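Structure record follows, encoded as structure tokens.
Number of protein chains: 4
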Amino acid sequence: MADDHRARSWERRTEKPLLAASLVFFAAYALHVLAPGLPGPLHDLCTALALAAWALFAADYAVRLVHSGSVARFVRGHPLDTLVLLLPLLRPLRLVRLYNAVQQRRHRPRLSLYGRVMAYAGLSALLLGFAASLVVWQHERGAPGATIRSFGDSVWWACSTLTTTGYGDVAPVTPAGRVAAVALMACGVGLLSAVTGAFSSWLIRSFRTEDEKRPPEGA
Amino acid sequence: MADDHRARSWERRTEKPLLAASLVFFAAYALHVLAPGLPGPLHDLCTALALAAWALFAADYAVRLVHSGSVARFVRGHPLDTLVLLLPLLRPLRLVRLYNAVQQRRHRPRLSLYGRVMAYAGLSALLLGFAASLVVWQHERGAPGATIRSFGDSVWWACSTLTTTGYGDVAPVTPAGRVAAVALMACGVGLLSAVTGAFSSWLIRSFRTEDEKRPPEGA
Amino acid sequence: MADDHRARSWERRTEKPLLAASLVFFAAYALHVLAPGLPGPLHDLCTALALAAWALFAADYAVRLVHSGSVARFVRGHPLDTLVLLLPLLRPLRLVRLYNAVQQRRHRPRLSLYGRVMAYAGLSALLLGFAASLVVWQHERGAPGATIRSFGDSVWWACSTLTTTGYGDVAPVTPAGRVAAVALMACGVGLLSAVTGAFSSWLIRSFRTEDEKRPPEGA
Amino acid sequence: MADDHRARSWERRTEKPLLAASLVFFAAYALHVLAPGLPGPLHDLCTALALAAWALFAADYAVRLVHSGSVARFVRGHPLDTLVLLLPLLRPLRLVRLYNAVQQRRHRPRLSLYGRVMAYAGLSALLLGFAASLVVWQHERGAPGATIRSFGDSVWWACSTLTTTGYGDVAPVTPAGRVAAVALMACGVGLLSAVTGAFSSWLIRSFRTEDEKRPPEGA
């Protein structure tokens, strides 16, 4: 109980710094990928920032591991935290959660159930799609026989993948790019199907509600 | 309350003129895209009609903004109206709503819940698909390396996109065409998944009903 | 009421002959498409059989139209019958219905609800896919620039379309072939999404049932 | 009843040996496909192992057929067993079932309903995808005009097929490869849609639960 309380208090205090670090990591990685012609010092700064952010994540993970008392139990009980430590690009996913919590604290009118599912899953899919575009573009750039020849192509490819349209006019050809693509398909497609499922449910429910509140005779 | 009443009365009176204006806009835009060889005066007429229709939409938006009392609240509370002001091609979506209201006033037998979801979402998807075909064809025509070489190709592309089949034998290559394509994927795919979801629910329900009304023994 | 009884009695008596005629039509059309090198007389026989079958459908439609008393009401109330009159290839869809009715009369154990939805929608999708393969192959054969170069290609294309995979390695290029393709996408995709929806529901339900009937302690 | 008891006892005793045999079969087949340059004796060993494993499956099927008393009833009542006898690559699907049963015997905390559906269907889809990659690669290797030129291409193709993305940059061209592809589409797509369906339901439910357990005022 005391441990549990300490863990929660730690999480509350580290929430915002870690989120800032995750955005710094994301921005530094994006700059690294999208602006390969940066002068040396700026490039080194990007790398340093990304490493520093990642060191923060690792330190946070270590502190929580120690707090928990049992290494094996913590690793098994926090699979998402372990994943995010290995793939820090996914960390900003917590941004959506934070926004929701802030709205709640301010007593703002919140979205409906389906609205929140759509917002959360949609934003996560967007973030995953952007991260996958960056990773794929990093590996495909200059690969022989690549069909993805600009970052725009990479974003276009990510959009057609997330909706499972899959035109195939541009597609990754390198092994590393394809591994990132499979990860995007596995996660992103699941998230986006949640969005369309919630949208479909919301549409049916709103039609049903309209039926019920209609005045009984020819109003 | 008075404001609310005035707003509704305004909406009831402007419904039909605005719908007519939206159809004029749609037709003028379609003519502009599909018949580039029109003689100058006719082409100018198209442009004038489209602009006039859009001016009507803007005037309606402004009147309702003033009625509402608070600019910020109106913009936040009517996101769809703001979107439709910026993308007037989507305006005929209200046609479906109007048809439904007319049927109701005439005491016609209405479609079942799933039937209405399918009709509404299906018609909206059709309209979005046609609008996207127009926009994509306008931007792809004559683009170097384009695979969409006729309006028929553009419609074929829109159909394969809406069903998420995505053959990729024809696909937009220009940035503007791809932006329209992503919009179609985001909206249209959601709408069409609502159609298939409602169809699936309707099928399961009609099989269940058949079970219940079957005579008890070997009739 | 008397009309209703007469209509049902007519339907019961014409059910089997019309089904046989629909199979004859299907077979004659398939032979016409798949064996273009048939000697003249056999080819004429095929055409004659298909026309005779279609004449039967038209006669049945006319009789039921007369029975119903009101032309407008009959056409509005039987959209599927009107569609099937215009596209007789879809007629064997009734085969599935007949099989179900026969099983019921013989007091055979019937499939569960989800099983029947999957069987009915799956068989319908199969039939639609085969009919679309025939129509597309008829129009694509010999078209300049066609990627569908054999009936096998056409079947492969139909399979990849029905599952919305849409590789696009082969795809129709003629306007008529594309119209048939859009029809297949619209109907077949809906049917197949009903199959996967029912399968998903059945899987979740069977896992839930397994939970409930498990013995309370470590059996 | 006695027969039923005997059948269950047989199944319990043969469960593990048969599972081991199915893994041996899978491994021998994978080695046969992926290492065509094996020296003769090793290659013969693979073939012998696969045949021996298949003989075990056939013997098990025969014993259960005899136990059941009626051939026709057994074949009709165990369609999956008959399928698995003909396509032994699918046999390891029972691995998932065994893992579940073992967890249950050890009183381990089990996954939630949706978690189990996702785990079971996801693992099955993975296994099907890997088996299809092997079969397709075996038939496409060296085929004229093949776009699948390595086992990696085959796995990439299977991933894009399972998610119904279907880029089409690589796709089977041989009839045998296409038959395997259609089987993967039919089974794998159904399984994966069950995964996304369960994920979507789980997401909506977890958002709903969060609503209910939220403290009443600004905590």
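Chains as they are written, first to last, in full-length UniProt numbering: chain A, 1 to 219; chain B, 1 to 219; chain C, 1 to 219; chain D, 1 to 219.
We put the CB at the ideal spot given by N, CA and C, even for glycine.
Values in this document were obtained by computation on a predicted structure and should not be read as measured data.
For residue i, three-class secondary structure by DSSP
| i | result |
| --- | --- |
| LEU87(B) | coil |
| PRO175(C) | helix |
| PRO36(B) | coil |
| ALA119(A) | helix |
| ARG205(D) | helix |
| THR164(A) | coil |
| HIS139(A) | helix |
| VAL155(B) | helix |
| THR147(C) | coil |
| CYS92(C) | The sequence shown places Pro at residue 92(C), not Cys. Of the three classes helix, strand and coil, the one that applies to PRO92(C) here is coil, per DSSP. |
| HIS43(C) | helix |
| HIS67(A) | helix |
| HIS5(C) | helix |
| SER112(A) | coil |
| VAL170(B) | coil |
Chain-order list of residues whose beta-carbon lies under 8 Å from that of residue i (same chain, five-residue window excluded)
| i | result |
| --- | --- |
| VAL71(A) | LEU65 |
| LEU83(D) | LEU90 |
| ARG6(D) | HIS67 |
| GLU217(D) | In this prediction, GLU217(D) scores a pLDDT of 41, lower than 50, which makes its location untrustworthy; the coordinate-derived value is nonetheless stated afterwards. Contacts found: none. |
Proximal residues of chain A, C-beta to C-beta of residue i below 9 Å
| i | result |
| --- | --- |
| VAL182(B) | VAL155, TRP156, CYS159, SER160, THR163 |
Environment of residue i [buried if 16+ CB atoms lie within 10 Å]
| i | result |
| --- | --- |
| ALA52(D) | exposed |
| GLU140(B) | buried |
| LEU128(C) | buried |
| ALA146(B) | buried |
| SER112(A) | exposed |
| GLY77(D) | exposed |
| VAL189(D) | buried |
| GLY197(D) | buried |
| LEU42(A) | exposed |
Under 8 Å from the C-beta of residue i: neighbouring residues of chain B
| i | result |
| --- | --- |
| GLY168(D) | TYR167, GLY168 |
Neighbourhood of residue i by C-beta distance below 6 Å, restricted to the same chain and skipping five residues each side
| i | result |
| --- | --- |
| PHE26(D) | PRO92 |
| ALA132(C) | ALA158, ALA180, LEU184 |
| GLY122(C) | VAL195 |
| LEU154(D) | The sequence shown places Ser at residue 154(D), not Leu. So the qualifying residues of the chain are SER133, VAL136, TRP137, ILE148. |
| ARG13(D) | none |
| SER124(B) | LEU93, LEU191 |
| PHE130(D) | none |
Chain-ordered chain A contacts of residue i [CB-CB under 8 Å]
| i | result |
| --- | --- |
| PHE199(D) | GLY190, SER193, ALA194 |
Residues that residue i contacts on chain D, provided the C-beta gap is smaller than 7 Å
| i | result |
| --- | --- |
| PHE207(C) | LEU113, ARG116, VAL117 |
Interface residues of chain B facing residue i [CB-CB closer than 7 Å]
| i | result |
| --- | --- |
| ALA132(C) | Those do not exist, as ALA132(C) stays about 13 Å from chain B at its closest Cβ, beyond 7 Å. |
Whole-angstrom C-beta distance between residue j and residue i, which should lie under 8 Å
| i | j | result |
| --- | --- | --- |
| PHE199(D) | MET118(D) | 6 Å |
| SER201(A) | TYR114(A) | 6 Å |
| GLY168(A) | GLY168(D) | 4 Å |
| ALA58(D) | LEU85(D) | 7 Å |
| PRO175(B) | GLY152(A) | 6 Å |
| THR161(B) | THR161(C) | Between THR161(C) and THR161(B) the Cβ distance is about 13 Å, and since that is not below 8 Å, they are no contact. |
| GLN148(C) | VAL136(C) | It is Ile, not Gln, that sits at residue 148(C) in the sequence shown. Confirmed, about 7 Å. |
| LEU56(A) | ALA21(A) | 5 Å |
| LEU23(C) | CYS46(C) | The Cβ separation is near 14 Å, so there is no contact. |
| ASP81(D) | TYR61(D) | 6 Å |
| ARG116(B) | LEU19(B) | Between LEU19(B) and ARG116(B) the Cβ distance is about 19 Å, and since that is not below 8 Å, they are no contact. |
| VAL170(D) | TRP156(D) | 6 Å |
| TRP54(A) | PRO17(A) | Contact doesn't hold; Cβ gap of about 14 Å is too wide. |
| VAL75(D) | TRP10(D) | That pair is no contact at about 18 Å. |
Proximal residues of chain C, C-beta to C-beta of residue i below 9 Å
| i | result |
| --- | --- |
| GLY152(B) | PRO175, ARG178 |
Within chain A, partners of residue i - CB distance below 7 Å
| i | result |
| --- | --- |
| LEU203(D) | VAL117, ALA121, ALA194 |
| ALA171(B) | TYR167, ASP169 |
Own chain partners of residue i with C-beta closer than 7 Å, once the 5 adjacent residues on each side are dropped
| i | result |
| --- | --- |
| THR163(A) | LEU192 |
| LEU34(A) | PHE151 |
| ALA219(A) | Note on ALA219(A): pLDDT 34, under 50, position unreliable in the model; the coordinate value appears next. Answer for ALA219(A): no residue qualifies. |
| MET1(D) | Because the pLDDT of MET1(D) is 48, which lies under 50, any placement of that residue in the model is unreliable, and the number read from its coordinates should be weighed accordingly. No residues qualify anywhere along the chain. |
| CYS187(C) | LEU128 |
Any non-hydrogen atom of the ligand PLP closer than 6 Å to residue i Cβ
| i | result |
| --- | --- |
| HIS67(B) | In terms of ligand content, the structure shown is empty, and the ligand PLP therefore cannot be addressed. |
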